[in-house]
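Visitor:
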Amino acid sequence: MGAGDVYGQAISHGVASGMGGIRTAGDLVARMQITRGMRLKQAKEYVAHKLGVSVMDLSDPVVMLDVRKERGLGAFTEAGEIVYVDDPVGLEAKFHIAELLDVPINSVERFTAMTRGRG
Amino acid sequence: MEQSIPTRMGDGALVFLTPSEIEATIREGVAAAVKRAKVEPLAEDEIAHLLDIFSSRSRFSAVDIGDEVTLSYDGCGSHDIGTRVNDLQYYEQYLCADSVELYHQDYSYKPAKAVIGFEQTTMRQAQFLITAPCGYGAMPDLGLYTVPDGPVANWSQLLPMGKIAEARAAQEEAVELAADDIFFVAASMAEAGADFIDLDTAGAAGDADFLAALKAIARIRARFPDLGIQIGMAGEFVLGMHGELEYDGVRLAGLWPREQMKLAAKAGVTIFGPAINVNTGKPVAWNVARTITIVKQCCEESTVPVHLNGGMGVGGVPMHILPPGDAASRASRSAVDILRLDGL
């Protein structure tokens, strides 16, 4: 995006045109752009198909909270009111994301290699 | 008599323009882009849409529901509160970033190399906590390789003395050093779990700077086929500090976004970020119209996602450290609506 204070930049762009990150499916769509170089339309359709939701649903936090919780894709921690101790977050959630999107996630592969038995 | 609308200048100052004046400035911005970048003008319905956005007195403007795009950031957080991992967490948790980027305060690959162990450890810690794609970013920053900061002769000193051949040789030497450093840091970050590497403000020192980025990208792509690679440009066209450098048979000096994108995609990026400079003496509507006109063909023809740079001083956003939300949101919406952007 670019320089400027958080309120003027990140919040303005986020509210004006942003998908919403882990609040919705923005991080999943971004991951397909970053990892596979998919353009937005293709990435949205790919993620929607994998999740079994409509493209419109991808930016809807009301729909996506339940979808993310059911599939263990991570969500806001929010003082224990959204994500509970048995809900995957961070690296735990990325194991599910890698499987769902069928893409390699570097940190997941690294964690798997690091925790493998050594002898 | 027409009612005046509060709007912004390119430096962020509030001004009042009538709808007729706003339409005139939009048309002037389009014409300026056509003349300078040799691109096609916007269609009449696109100019009408910009006029609609900028003729509103509302404090904020936004895309239609369902038209949202992904947002990437060249460096997350200000390093003022907590740790750098905390910066990434609040970008993910509170600002709803679609991807986050760890960075070193110096934001250049050369100094990052010197503290790479610390950077790797921080990336490793971040990967445990962050769910969204988390990458590492810095600038190629070719100037750091010249004396007195680096080992190469300083072409900014050689050129005024008329030592053209020596200045060119110095830049060519710096290209290889920078590409080595960028690859080293990228490989180290991939080893620590990074999802992507960002080469930001590429081309800041001219065509040699852009060449260093392209050479590094090709090496990173060859070594790490699944690593995301993002490039963000420094300006709207590549300065010819060397003048004769080529990548894949294409002369780099003077390239505009469409041609920059093609070379970046060929080298191996997965996201391309054009940067269109802001004229502080013109209204935001003029700057947005000019930005969109310059980038439109690049977006239409791109084979990789395009994330337009929308920070202060680029992409129509005012050149002010506190960009007003009314202006930033209009720049954001205008670009997404008309360019069908992949992201910002």
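The listed protein sequences correspond, in order, to chains A and B. The working numbering applies: residue 1 is where the first sequence begins, and numbers increase by one. The working numbering applies: residue 1001 is where the second sequence begins, and numbers increase by one. Built from N, CA and C at the ideal position, the CB exists for glycine as well. What you are looking at is a predicted structure, and each value in this text was computed from that prediction instead of being measured.
#1: Only counting runs of 3 or more residues, tell me where the beta strand (DSSP E) segments fall wholly within the stretch 1003-1085 of chain B, in order along the chain.
#2: Suppose contacts are defined by Cβ-Cβ distances below 8 Å. Is residue 1241 of chain B in contact with residue 1205 of chain B by that definition?
#3: Just reading off the alpha helix (DSSP H) that residue 1102 of chain B is part of, what are its end residues?
#4: Is any beta-carbon of chain B found at less than 8 Å from that of residue 95 of chain A?
#5: Spatial neighbours of residue 1005 of chain B within its chain, please: CB distance less than 8 Å, with the 5 preceding and 5 following residues excluded, ordered by chain position.
#6: Is there at least one Cβ from chain A nearer than 8 Å to residue 1107 of chain B's Cβ?
#7: With 9 Å as the limit, tell me which residues of the stretch 1035-1064 of chain B have their beta carbon closer than that to any beta carbon of chain A; keep them in chain order.
#8: Are the stretch 1296-1315 of chain B and the stretch 35-49 of chain A touching by the rule of at least three beta carbon pairs closer than 8 Å?
#9: Spatial neighbours of residue 1104 of chain B within its chain, please: C-beta separation below 7 Å, excluding the five flanking residues on both sides.
#10: Locate the alpha helix (DSSP H) running through residue 1202 of chain B, then write down its first and last residues.
#11: Taking DSSP's pairing of strands, which residues face residue 1251 of chain B in a bridge?
#12: Measuring alpha carbon to alpha carbon, tell me which residue in B:1247, B:1276, B:1284 is nearest residue 1266 of chain B.
#13: How about residue 1095 of chain B and residue 89 of chain A: are their beta carbons less than 8 Å apart?
#14: The beta strand (DSSP E) that contains residue 1233 of chain B, what's its start and end?
#15: When the distance is taken between beta carbons, is residue 1340 of chain B closer than 8 Å to residue 1298 of chain B?
#16: Does DSSP put residue 1345 of chain B in a helix, a strand or coil?
#17: At a Cβ threshold of 8 Å, is residue 1095 of chain B touching chain D?
#18: Quick one: is residue 1243 of chain B near chain A, going by C-beta distance under 8 Å?
#19: Let me check understanding here. Comparing Cα to Cα, which of B:1181, B:1173, B:1207, B:1135 lies closest to residue 31 of chain A?
#20: What did DSSP end up calling residue 18 of chain A once you bin it into helix, strand or coil?
#21: CB-CB under 7 Å to residue 53 of chain A, same chain, minus the five flanking residues each way: which ones, in chain order?
#22: Taking the straight line between their C-alpha atoms, what separation do you get for residue 1084 of chain B and residue 1122 of chain B?
#23: Which residues in chain B sit within 9 Å of residue 72 of chain A, going by Cβ to Cβ distance?
#24: For residue 135 of chain A and chain B, any beta-carbon pair shorter than 8 Å?
#25: Just to confirm, are residue 1142 of chain B and residue 1174 of chain B a CB contact at a threshold of 8 Å?
#26: Helix, strand or coil for residue 1139 of chain B, going by three-state DSSP, please let me know.
#27: May I have the straight-line CA-CA distance separating residue 1153 of chain B from residue 1169 of chain B, to the nearest angstrom?
#28: Give me the residue from B:1171, B:1145, B:1079, B:1194 with the minimum Cα distance to residue 1126 of chain B.
#29: Give the range of the alpha helix (DSSP H) segment to which residue 1286 of chain B is assigned.
#30: Where residue 26 of chain A and residue 1209 of chain B are concerned, what is the direct C-alpha to C-alpha distance, given to the nearest angstrom?
#31: For the candidate residues B:1310, B:1330, B:1164, whose alpha-carbon lies nearest to that of residue 1236 of chain B?
#32: By DSSP, does residue 1314 of chain B sit in helix, in strand, or in coil?
#33: Listing by chain order, which chain A residues have their CB less than 9 Å from the CB of residue 1129 of chain B?
#34: Mind listing the chain B neighbours of residue 22 of chain A? Cutoff is C-beta to C-beta under 7 Å, in chain order.
#35: Under a CB-based cut-off of 8 Å, is residue 105 of chain A close to chain B?
Guide: Well, looking at it:
#1: 1005-1008, 1014-1017
#2: For the purposes of this step, residue 1241 of chain B is identified with residue 241 of the second sequence, where counting begins at 1. For the purposes of this step, residue 1205 of chain B is identified with residue 205 of the second sequence, where counting begins at 1. Closer than 8 Å, so yes.
#3: Counted from its first residue, the second sequence places residue 1102 of chain B at position 102. Here residue 1102 of chain B belongs to no alpha helix (DSSP H); instead the beta strand (DSSP E) covers 1100-1102.
#4: As a position in the first sequence, residue 95 of chain A is number 95, starting the count at 1. Taking Cβ atoms only, chain B never reaches closer than 8 Å to residue 95 of chain A, which makes this a no.
#5: The residue you call residue 1005 of chain B lines up with position 5 of the second sequence. Cβ neighbours of residue 1005 of chain B beyond the five flanking positions: 1016, 1017, 1018, 1019, 1022, 1054, 1055, 1056, 1057.
#6: Reading the second sequence from its first residue, position 107 is the one you call residue 1107 of chain B. Closer than 8 Å: no.
#7: 1060, 1061, 1062, 1063
#8: yes
#9: The residue you call residue 1104 of chain B lines up with position 104 of the second sequence. The residues are 1111, 1112, 1115, 1119, 1138.
#10: Residue numbering aside, residue 1202 of chain B sits at position 202 when the second sequence is read from its first letter. Looking at the DSSP string, residue 1202 of chain B is not in any alpha helix (DSSP H); the run it does join, the beta strand (DSSP E), is 1196-1202.
#11: Residue numbering aside, residue 1251 of chain B sits at position 251 when the second sequence is read from its first letter. DSSP output for residue 1251 of chain B lists B:1246 as bridge partner(s).
#12: By one-based count along the second sequence, residue 1266 of chain B stands at place 266. Of B:1247, B:1276, B:1284, the residue nearest in Cα terms is B:1247.
#13: On the second sequence, residue 1095 of chain B is found 95 positions in, with the first residue counted as 1. On the first sequence, residue 89 of chain A is found 89 positions in, with the first residue counted as 1. No, they are not a contact pair.
#14: Start at 1 with the first residue of the second sequence, and residue 1233 of chain B comes out as number 233. Residue 1233 of chain B -> beta strand (DSSP E) spans 1228-1233.
#15: By one-based count along the second sequence, residue 1298 of chain B stands at place 298. By one-based count along the second sequence, residue 1340 of chain B stands at place 340. No.
#16: Residue numbering for chain B in the displayed model covers 1001 to 1344; residue 1345 of chain B lies beyond these limits and cannot be assessed.
#17: No chain D appears in the structure shown, which is made up of the protein chains A and B.
#18: Position 243 of the second sequence holds residue 1243 of chain B. Not closer than 8 Å to any Cβ of chain A, the Cβ of residue 1243 of chain B fails to qualify, so no.
#19: To locate residue 31 of chain A, count along the first sequence from 1; it is residue 31. The shortest Cα separation from residue 31 of chain A among B:1181, B:1173, B:1207, B:1135 belongs to B:1135.
#20: If you number the first sequence from 1, residue 18 of chain A lands on position 18. It is a strand residue.
#21: One-based indexing of the first sequence puts residue 53 of chain A at position 53. Excluding residues within five positions, the ones whose Cβ falls inside 7 Å are 63, 67.
#22: Working through the second sequence from its first residue, we reach residue 1084 of chain B at position 84. Working through the second sequence from its first residue, we reach residue 1122 of chain B at position 122. Looking at the two C-alpha atoms, the distance is approximately 8 Å.
#23: The residue given as residue 72 of chain A occupies position 72 in the first sequence. Correct list: empty, because the minimum Cβ distance to chain B is about 11 Å.
#24: The first residue shown for chain A is 1 and the last is 119, placing residue 135 of chain A beyond what the model contains.
#25: Sequence index remark: in the second sequence, residue 1142 of chain B carries index 142 (1-based). Sequence index remark: in the second sequence, residue 1174 of chain B carries index 174 (1-based). Yes, the pair counts as a contact, with Cβ atoms nearer than the cut-off.
#26: Residue numbering aside, residue 1139 of chain B sits at position 139 when the second sequence is read from its first letter. Here residue 1139 of chain B sits in strand by DSSP.
#27: For the purposes of this step, residue 1153 of chain B is taken as the residue at position 153 of the second sequence. For the purposes of this step, residue 1169 of chain B is taken as the residue at position 169 of the second sequence. So the two alpha carbons sit approximately 9 Å from each other.
#28: Here residue 1126 of chain B is taken as the residue at index 126 of the second sequence, counted from 1. For residue 1126 of chain B, the nearest C-alpha among the options comes from B:1194.
#29: Taking the first residue of the second sequence as position 1, residue 1286 of chain B is located at position 286. Run containing residue 1286 of chain B: 1284-1301, per the alpha helix (DSSP H) assignment.
#30: As a working note, residue 26 of chain A is residue 26 in the first sequence. As a working note, residue 1209 of chain B is residue 209 in the second sequence. About 32 Å.
#31: Looking up residue 1236 of chain B in the second sequence gives position 236. Among B:1310, B:1330, B:1164, the Cα nearest to that of residue 1236 of chain B belongs to B:1310.
#32: Translated into positions along the second sequence, residue 1314 of chain B becomes position 314. Residue state, collapsed to three classes: strand.
#33: Along the second sequence, read from residue 1 onward, the residue named residue 1129 of chain B stands at position 129. Ordered by position in chain A, the residues that pass the 9 Å Cβ test against residue 1129 of chain B are 89, 90, 91.
#34: Mapped onto the first sequence, residue 22 of chain A falls at position 22. Simply 1092, 1131, 1132.
#35: Your numbering for residue 105 of chain A matches position 105 in the first sequence. Yes, residue 105 of chain A lies at the interface with chain B (some Cβ there is under 8 Å from its Cβ).
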